[in-house]
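Enquirer:
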Amino acid sequence: MSHTMIDLGEVPEHLATPVGRPPVPYRALLGALSIVMLALLAAAAHPAARQEPTVIPARLGDTFTLDGDLMYVIGTGGVDSFDEVRDRVITTYRLPSVRVVSRTTVPVPGTVVNVKQAGGVVIVGYQLDASGGQATVAYPAGGGPLLWKQTARFVAVSPADGIALLSGDNGDFAVDLATGRERWRVGRPTQGFLAESGAGDGYPDWLVSFSDARLQTWDAHTGRQIAATTVPSDHLDGMIWPVSSLLLINAGARGFDGYRLPELRRLWHTPVDLTQSWMQTDCGTVICTFRQQRGMSVLDPADGHLLWDSGQWAYAEPLGPYLLATADSALSVLDPQSGRVLGDFGAWQGLGLAGDTGLIWGQRAVPGTYQVFYGLLDPADRSIEVLGRADRVSGGCATSDGVMVCRLVDASVAVWRLR
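Here this note's numbering is used: the first residue of the sequence shown is 108, the next is one more, and so on.
See the structure below:
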């Protein structure tokens, strides 16, 4: 792969100095000319830099969400209100062709928070009230009468199993996609926790509950119980954190215990105080924990010992042998075992993984304009391959299945092919 290194900083508007003014600052001039030459070389190396996107008309308040090779554009249907039902048109597109798969009218109140299409059904989760309560409805893709409704949060859908997983006050349960008939249910403890775990492909592998010193796991596809064990009494007020194939349980002032999922085999104890932290569900070769404002602690998943601690980072996620970490808007590459900063991408921001290439899609906004450069970022050497420029972008860019999708200044949705 060839990588074009480009600095997209601002270039002075006037590079010549009239007679009678102070001498020309040659070093600054040469630096500016270097930037211009790099930009020209980048443009020459990428003839597709001015490609026109596919533009989908949309209005202020309309939203979009990406799901693998599908994109949903959700019509607002009016001003959000929790007590007024409005007809929202949800259009499903296939990516990268941007071909319309279906248009489905869904009458719901409140804000739509989750949409999926599977098995000829469009499932919509929406907010019921200002306190955060949610409900889920299902309609035939392309339109038709209501198939089913549940006053529960829409968690995920498994097309292979023909089920939608929902979470309500009384527990997590699976319903048939077409009929809404309940297939199975795992009850929520009145004093304890119930959590989904192992959602690497968008659907959780297991459900985990903890109450009255009893720890249990279930298969999230079938509802079948897998394992159960009793934990020490000093864990009774503790919280559980599913982290990839591990479960961390708060042992109070003593620290945390680590268990293997789903068989619930106790692996280790760590004295690290993580009581004011939350944990990344998957951080690659390490366990990432984040403090409420800023700062993170990283543990070794093999034995739970503290690998490193930093007050700098607000968030991090894995990419191959690296961690990509952010502090404010900067994107840096870290060694996960030591926390050492290997480099950064300057003003470029990450948009998402570029498949299994070990690269990420990135963007860099040009200050004072509605222009965005987009390209491939390589964490191995922090190089950047500039692929093109998007114009009239107001923000809200995301990538999926070889496309970049952004909102434009007129509220429409634009789709650029990335490969």
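Just so it is clear, CB atoms sit at the ideal spot from N, CA and C, and this is done for glycine as well.
Going by the DSSP bridge assignment, what does Ser417 pair with across the sheet?
Expert: Met403
Enquirer: Take the Cβ of Arg134 as the centre, count every other Cβ of all protein chains shown within 10 Å, and call the residue buried at 16 or more, exposed below.
Expert: Annotation note: pLDDT 40 at Arg134 (below 50); position unreliable, coordinate value reported separately. Counting Cβ neighbours within 10 Å, Arg134 comes out exposed, since fewer than 16 surround it.
Enquirer: Does the Cβ-Cβ distance between Pro369 and Thr324 come in under 8 Å?
Expert: Thr324 sits close to Pro369, with the two beta carbons spaced by under 8 Å.
Enquirer: If contacts are defined as beta-carbon pairs under 8 Å, then Thr388 and Ser351 qualify, I think. What distance do you get, rounded to the angstrom?
Expert: 7 Å
Enquirer: Taking the alpha-carbon positions, what's the Ile333 to Asp326 distance?
Expert: Rounded to the nearest angstrom, the two C-alpha atoms are 7 Å apart.
Enquirer: Where does Arg496 sit, in a helix, a strand or coil, going by DSSP?
Expert: DSSP places Arg496 in strand when its eight states are reduced to three.
Enquirer: In terms of residue numbering, what span does the beta strand (DSSP E) encompassing Pro247 cover?
Expert: 241-247
Enquirer: Whole angstroms are fine: how far does the CA of Asp380 sit from the CA of Arg496?
Expert: 46 Å
Enquirer: Using a Cβ-Cβ cut-off of 7 Å (strictly less than) and excluding sequence neighbours within five positions of Met403, which residues of its own chain qualify?
Expert: Cys395, Thr396, Phe397, Ser417, Trp420, Ala423, listed in sequence order.
Enquirer: Would you kindly report the start and end of the unbroken beta strand (DSSP E) that includes Pro486?
Expert: Counting along the chain, Pro486 falls outside any beta strand (DSSP E), and DSSP gives it neither H nor E.
Enquirer: When we look at the beta-carbon of Ser439 and count the other beta-carbons within 10 Å, is it buried (16 or more) or exposed?
Expert: buried
Enquirer: Taking the C-alpha atoms as reference points, what is the distance between Thr377 and Ala248?
Expert: 49 Å
Enquirer: Alpha carbons only, please: which of Asp498, Trp415, Asp435 is nearest the one belonging to Asp442?
Expert: Trp415
Enquirer: Using 10 angstroms around the beta-carbon of Leu137, count the other beta-carbons present and answer buried if the total reaches 16, otherwise exposed.
Expert: Model confidence at Leu137 stands at a pLDDT of 35, short of 50, so the residue's coordinates are unreliable and nothing is read from them.
Enquirer: Taking 7 Å as the limit between beta carbons, can you name the residues of its chain near Asp174, skipping five residues before and five after?
Expert: Lys223
Enquirer: If I measure Cβ to Cβ from Tyr429 and keep anything under 6 Å in the same chain, skipping five residues before and after, which residues do I get?
Expert: Excluding five sequence positions before and after Tyr429, the CB atoms of its chain that fall closer than 6 Å to its own CB belong to Val440, Pro486, given in chain order.
Enquirer: How would you label Pro311, buried or exposed, when you count the other beta carbons within 10 angstroms and need 16 or more for buried?
Expert: buried
Enquirer: Using the C-alpha atoms, what's the distance from Pro216 back to Leu253?
Expert: Approximately 15 Å, taken between the alpha carbons.
Enquirer: Since Asn221 is in the beta strand (DSSP E), which residue starts that stretch and which ends it?
Expert: 219-225
Enquirer: Pull up the distance between the alpha-carbon of Gly450 and that of Gln444, whole angstroms please.
Expert: Cα to Cα, Gly450 sits roughly 15 Å from Gln444.
Enquirer: Leaving out five residues on either side along the sequence, give the residues of the same chain with a beta carbon under 6 Å from the beta carbon of Leu374.
Expert: Cβ neighbours of Leu374 beyond the five flanking positions: Gly365, Arg367.
Enquirer: Taking the alpha carbon of Ala360 as the point to measure from, which residue in Ile347, His412, Thr382 has its own alpha carbon closest?
Expert: Of the listed residues, the one whose Cα sits closest to Ala360 is Thr382.
Enquirer: When the Cα of Val213 is compared with those of Arg206, Pro203, Val229, which residue comes out closest?
Expert: Val229
Enquirer: In angstroms, rounded to a whole number, what distance separates the CA positions of Gly309 and Cys504?
Expert: 21 Å
Enquirer: Between the C-alpha atoms of Ala149 and Trp385, what's the straight-line distance to the nearest angstrom?
Expert: Low local confidence applies: a pLDDT of 40 at Ala149 is under 50, so the model's placement there is unreliable, and no value is given.
Enquirer: Pick helix, strand or coil for Ala334, following the three-state DSSP scheme.
Expert: strand
Enquirer: So what does DSSP say about Arg361, is it helix, strand or coil?
Expert: DSSP places Arg361 in helix when its eight states are reduced to three.
Enquirer: Looking at Arg201 and Leu167, is the spacing between their C-beta atoms short of 8 Å?
Expert: Between Leu167 and Arg201, the CB-CB gap reaches or exceeds 8 Å.
Enquirer: Just the C-alpha distance for Ala165 and Gly182, rounded to the nearest angstrom, thanks.
Expert: 8 Å
Enquirer: By a C-beta neighbour count over all protein chains shown, 10 Å radius and 16 as the cutoff for buried, is Asn277 buried or exposed?
Expert: exposed
Enquirer: Within the region 253-323, note down every full beta strand (DSSP E) run reaching 3 residues or more, in order along the chain.
Expert: 255-257, 260-265, 270-275, 278-283, 289-294, 300-304, 313-318
Enquirer: Give the C-beta separation of Phe538 and Ile347 to the nearest angstrom, bearing in mind that I take them to be a contact with Cβ-Cβ under 8 Å.
Expert: No statement about residue 538 is possible, as the shown extent of the chain runs from 108 to 526 and does not include it.
Enquirer: Would you grab the beta carbon distance between Val262 and Glu303 for me? Rounded to a whole angstrom, and I think it's under 8 Å.
Expert: 6 Å
Enquirer: In the DSSP assignment, find the unbroken beta strand (DSSP E) run with Glu424 in it and report its ends.
Expert: 422-426
Enquirer: Terminal residues of the continuous beta strand (DSSP E) containing Gln470?
Expert: 467-472
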